[in-house]
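Protein chains in written order, with my numbering: chain A, -11 to 227; chain B, 31 to 261; chain C, 3 to 500. We treat Cβ as the ideally placed atom computed from N, Cα and C, and that holds for glycine. All remarks here apply to the structure that follows.
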Amino acid sequence: MTATIEVNGLRKRFGPAVALDGMTFVVRPGHVTGFVGPNGAGKSTTLRMIVGLDRPDAGTATIGGRHYAELTRPMRHVGALLDPHALHPARTGRNHLMWLAASQDLPGSRVDEVLALTGLADVGRRAAGGYSLGMRQRLGVAAALLGDPPVLLLDEPFNGLDPAGIVWMRDLLRELAAEDRSVLVSSHLMSELQDMAGHVVVVGQGRVIAAADVNDLVGEYASLETAYLELTAGAGGIR
Amino acid sequence: MRAALRAEWAKLRTGPAGLAVPLLLAGLLAAAGAALGDRAIDPVQLRLLGVRLAQAAVAAAGVHLLAGEYGTGLIRTTLLAVPRRLHLLTAKAALLTAGVVPVAVLGVGVAVATLPPGAAMLRAAAGSVVYLILIGLLGLGTAAVVRSSAVATGIVLALLYLMPMILRMVPDDDWQRALYRLTPATAVQTLATTVDTAALPMGPWAALGVVAAWSAGALALGALTLCRRDA
Amino acid sequence: MILRAEWIKFRTVPTWTAGLAAAALLVVALGCLFASGSQMSCMEGTREVKCPAPPTNADGVAVEDKFTFVHRALTGDGSITARVGELDGTITYPPPNHDQIVSGIVPWSKAGLMVKDGTNQGADYAAVLLTGAHGVRMQHGFTHDQVAPDFASARAAWLRLTRAGEQITGFVSADGTTWQKIDTVRLKGLPATVRIGLFVTSPSGVTVNEQSQGGHTVQARFTQSTARFSQVTPAGGWTGTLVGHSDYRTGWQKTHPPGHTESGGVLTVAGAGDIAPQTHAEGLPVERVLTGVFAGLVPLIVVAVLCGTAEFRRRMIGTTLVAMPYPGRVSAAKAAVVGAASLVAGLAAVAVTLSVGLRMLGANDVIVLPVPWTTTLRIAVGTALLLALAGVFAYGMGSLLRRAVPAVVAVTALLVAPPILAVTSVLPPGLGVWLLRLTPGAAFAIQQGVPAYPQLSAPQTVFDGYFPLAPWAGLGVLGLYALVAVAAATWRLRRGAA
């Protein structure tokens, strides 16, 4: 299957608040795609809809032309880090990955591979409830990489990482994209994205404001940060 | 479906003793009936009184199996791994049943073991085991509807323990009788009865049918909620 | 300050206030539903009539006051002496076959001497009396009963009753020469002129049938007793009154009417009825309108448990302890807030339920068994306190276990399940009694309007709504559980928040 994410006309209301108002964009493999916008612009809701956690009122989100819920072993197609706290605090990090591996028909050896890859090999047998935010982020990345998926969705993956962790994450994402995967990363760190992303989708008030190559934006506005601030001026997220 | 089952099983195996504790407690409570002796008109019914406490633990196990994931947020990871929510609910129901059966059989078995066997006694014991399974599923279904473990537990316990008491306050006798037949609390008593069965409001299998309808209803409503609502 | 902070935290979670309101509404709604549908009618002979309110004694306790009284006036101090014996009578259609009228007396048949403030039902009295199987006793005010120790199984005896002002003293003698005092009682406000004389009465014969589904049914049958009073001094001047009798007579009574005959100085008195506190048979216990409390407890328990667990689940306890670094006081303040909120909700619910429910019952001609106003107040305030303590207990368990499901299950199993299991199952009454002594479910004793009296033949077990502990003692058990739960939760919080 192709690793393209297609988001087409997503709409969603939470009570009186409009969260998504016709969100439409495409994420293609081969480079990191930045997903930026003010708080409350609809980034997390869009990511949750791609993996079927939230139901859109209208519109579709597909991966390689298929809905997430239609995939038989979904984590082999899409790896997602949406909420680093979505785990049972009393279960060890390794066991958290073990049951996920079981659900995707993956061998237990794969768990140790991703634990090593994310630098958690030493703490894998400790209860995940005791992990720092940075360690939880790494565990979330480990879970996302478990199925070696061609598509990766990461919501604010830099949160809570130490400087070394940020460098590690940047290199990892770049590497994954270079392996011809689609990598969609939501973040508020414009300098990180400027270094790392090839493409960027700027959203505000539940829809796409701009979708462009990072190089083009930097060329036009001098930096990604300036481009972001100019583009989202007046598009306050929280209403 | 197989993957969903495997995931749930792995979760149970690796996880904190979330299901084992209430289920063991249920087995112990059911078995505790053995200590009640047999000085009663209906010794089988006396021995099976433990089932009425065990049902709370079984219901709690059912509630916890799903609502616990909402409590910790784990559900969001679970739905990434098993995005087909019906599969998830089915897997959890299957696993819960597999967990309840041995403790219910053992608990109820110990409770009635020293009584003289007979068709009525075996029927009461088997009925009680099936009843416990159905109550576990009722808990699971309720948890799928309301998600909060405390609220789900409250609803199920109210249904199990308070309905008869509340129904006594219904003024119209015909309504009272009709509603009384439709509560699970009536069923647990009906199932356990081996003496004077003719005086019961309904037969044991009909009673089991009532409970099954409650459980099926809760599971169906739960499945609907699970599929339609955001995680 | 801490209290205020915790109060703001409590009332700003909409689902919690909603849960508390739901608890109060359930109590009110179920009480009103029950009251609106209740009906009561009585038979007077073959005619259906509105039930009469039972008479009450000086304290406002509902009583039965029905007997044959052979009396005369006594002004000032004085006494009466007589030999009482040959208690005999009739029991209609007793078991096993319920097909015959047999002769015999029931254990609480009464024959003796009485001083009474007139012949109206409920008028104050004191009496020495011989019973069918409980020996010689002195009774007064309908609720007080004292056995004569050496005459606990007497079949006949000399009895004497003396009045000195408001003091009435009862004596008993085996031979009419050596007298033994049973008791001296004070009848407050007894007027100068009272009625003094002989009386006989005989309560219903009662059999209790255990049910295969648990509990029991009670059969009651009409009985009548006669007794012979000899060597009555002073003698003469008798008037006979059937206190509390209607004009209606069954066929058997027409040929065997209650009353008295006198021949050769011996009076033979026949009577039926009882002089005793009223049990539930003649009216609805006031606490019945509050049965909805059971239902209201469930949302209350859920809310209170969530108050205890939410801080830990969302790791909010960190925020709380940073703002107020005193775990002990924080825990106590939370308990106080939960308790106070439950108390207010409970008081409101109980006040509305009692006032509306009792009015609706009155409109439906349902007789609510009269109890002293202090008892009604105790039931009302006690029920609200029960809800408050239940809230504190549930909060404590939630905060101690830090998990909602086990806490809700544990509190429900300990508080709500025992009274239900004890009352509506085949659990042997002996076990049920212990359950209602040791579990927090004992607290429902606070709702018991009519206390148990040993001098009654009707069954007074847990099945009949009688709790083994006294009202406040029962509530105290719940209080103790609540205290221990909160103390343990505080201790655990002190050891570490995580």
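- Task: Note down, in chain order, each residue of its chain lying with its Cβ closer than 8 Å to the Cβ of residue 2(C), except the 5 sequence neighbours on either side.
- Result: Residue 2(C) lies beyond the stretch modelled for chain C, which goes from 3 to 500, so this question has no answer here.
- Query: Taking the alpha-carbon positions, what's the residue 217(A) to residue 7(A) distance?
  - Reply: Each residue's alpha carbon lies about 21 Å from the other.
- Query: Rounded to a whole number of angstroms, what is the C-alpha to C-alpha distance between residue 306(C) and residue 25(C)?
  - Reply: Note on geometry: alpha-carbon atoms of residue 306(C) and residue 25(C) lie some 11 Å from one another.
- Query: Alpha carbon to alpha carbon, how far is residue 352(C) from residue 386(C)?
  - Reply: If you take the alpha carbons of residue 352(C) and residue 386(C), they lie about 7 Å apart.
- Task: Give, in chain order, every residue of the region 85 to 96 of chain A whose Cβ lies closer than 9 Å to some Cβ of chain B.
- Result: Result list: 86, 87, 88, 89, 90, 91, 92, 93.
- Message: Let me see if you follow: with CB-CB separation under 8 Å, is residue 70(A) close to chain D or not?
- Response: Of the chains in the structure shown, none is chain D; the protein chains are A, B and C.
- Which two residues bound the contiguous alpha helix (DSSP H) that contains residue 137(B)? Annotation: the continuous alpha helix (DSSP H) that includes residue 137(B) extends over 115 to 142.
- Message: Any C-beta of chain A within less than 9 Å: which residues of the region 103 to 136 of chain B qualify?
- Response: Along the region 103 to 136 of chain B, going in chain order, the ones with a CB nearer than 9 Å to a CB of chain A are 103, 104, 105, 106, 107, 108, 109, 110, 111, 112, 113, 114, 115.
- Item | DSSP bridge partner residues for residue 92(C) (one or two, in chain order) | Under DSSP, the beta-bridge partners assigned to residue 92(C) are 105(C), 226(C).
- Query: Along the chain, where does the alpha helix (DSSP H) that runs through residue 190(C) open and close?
  - Reply: For residue 190(C), no alpha helix (DSSP H) encloses it, and the DSSP letter there is neither H nor E.
- Task: Whole angstroms is fine: what's the gap from residue 227(A)'s alpha carbon to residue 148(A)'s?
- Result: Unreliable placement is indicated for residue 227(A), whose pLDDT of 40 sits below 50; no coordinate value is reported for it.
- Message: Tell me the rounded alpha-carbon separation between residue 281(B) and residue 126(B).
- Response: Shown here, chain B extends from 31 to 261; a query on residue 281(B) therefore has no answer.
- Determine, using beta carbons only, whether residue 44(B) comes closer than 8 Å to chain A. With 8 Å as the cut-off, residue 44(B) counts as an interface residue toward chain A.
- Task: Using the DSSP secondary-structure output, state which residues sit across from residue 188(A) in a beta bridge.
- Result: When beta bridges are read from the DSSP output, residue 188(A) appears opposite 22(A), 200(A).
- Give a yes or no on contact between the region 116 to 133 of chain A and the region 66 to 85 of chain A, applying the rule of three or more CB pairs nearer than 8 Å. Cβ pair count under 8 Å is three or more, so yes.
- Message: If the criterion is Cβ atoms closer than 8 Å, does the pair residue 442(C) and residue 464(C) meet it?
- Response: No.
- I think residue 52(B) touches residue 90(B), with their Cβ atoms under 8 Å apart; what is that distance to the nearest whole Å? Between residue 90(B) and residue 52(B) the Cβ distance is about 5 Å, and since that is below 8 Å, they are a contact.
- Item | Cβ of residue 33(B) within 8 Å of any chain A Cβ | Yes, because at least one Cβ of chain A sits closer than 8 Å to the Cβ of residue 33(B).
- Item | chain A within 8 Å of residue 37(B), Cβ atoms only | With 8 Å as the cut-off, residue 37(B) counts as an interface residue toward chain A.
- Buried or exposed: which applies to residue 325(C), given that a residue is buried once 16 or more other Cβ atoms fall within 10 Å of its Cβ? Flag for residue 325(C) reads exposed.
- Message: Once DSSP output is grouped into helix, strand and coil, what is the label at residue -4(A)?
- Response: Here DSSP, grouped into helix, strand and coil, assigns residue -4(A) to strand.
- Answer with buried or exposed for residue 328(C), where buried requires no fewer than 16 other C-beta atoms within 10 angstroms of its C-beta. It is exposed - the Cβ of residue 328(C) has fewer than 16 other Cβ atoms within 10 Å.
- Item | Spatial distance of residue 114(C) from residue 474(C) (CA atoms) | One Cα belongs to residue 114(C), the other to residue 474(C), and the distance between them is close to 37 Å.
- Residue interval of the beta strand (DSSP E) (run including residue 170(A)): For residue 170(A), the uninterrupted beta strand (DSSP E) segment begins and ends at 170 to 174.
- Task: Report the rounded CA-to-CA distance for residue 416(C) versus residue 146(A), giving the unit in angstroms.
- Result: The alpha-carbon separation between residue 416(C) and residue 146(A) amounts to approximately 49 Å.
- When Cβ atoms are compared, which residues of the region 112 to 139 of chain A fall closer than 8 Å to chain B? For the region 112 to 139 of chain A, the residues whose beta carbon sits under 8 Å from a beta carbon of chain B are, in order, 131.
- Quick one: is residue 475(C) near chain B, going by C-beta distance under 8 Å? Judged by the 8 Å Cβ criterion, residue 475(C) is not in contact with chain B.
- Task: Taking only beta-carbon positions, decide if residue 195(B) is within less than 8 Å of chain C.
- Result: Residue 195(B) has a beta carbon lying within less than 8 Å of a beta carbon in chain C.
- Message: For residue 422(C), would you say it is in contact with chain B, using Cβ-to-Cβ distances shorter than 8 Å as the test?
- Response: For residue 422(C), the answer is yes, since a Cβ of chain B falls inside 8 Å of its Cβ.
- Query: If you draw a straight line from the alpha carbon of residue 66(C) to that of residue 477(C), how long is it in whole angstroms?
  - Reply: Going by the C-alpha atoms only, they are around 30 Å apart.
- Message: Below 8 Å, how does it come out for the region 274 to 292 of chain C and the region 159 to 172 of chain B: are there three or more Cβ pairs, yes or no?
- Response: Here the region 274 to 292 of chain C makes no contact with the region 159 to 172 of chain B; the two share fewer than three CB pairs at distances below 8 Å.
- Message: For a contact defined as C-beta to C-beta under 8 Å, what are the partners of residue 258(B) on chain A?
- Response: Neighbours of residue 258(B) in chain A, taken as residues at a C-beta separation under 8 Å, are given in chain order as 43.
- Neighbour-count burial assignment, residue 226(C), 16 or more Cβ in a 10 Å radius: By the 16-neighbour rule on beta-carbons within 10 angstroms, residue 226(C) is buried.
- Message: Residues of chain C with CB closer than 8 Å to the CB of residue 291(B), please, in chain order.
- Response: No answer is possible for residue 291(B): it lies beyond the span of chain B, which begins at 31 and ends at 261.
- Query: Does the beta carbon of residue 157(A) come closer than 8 Å to any beta carbon on chain B?
  - Reply: No - not a single Cβ of chain B is within 8 Å of the one on residue 157(A).
- Would you say residue 73(A) faces chain B, with C-beta separation under 8 Å as the test? Closer than 8 Å: yes.
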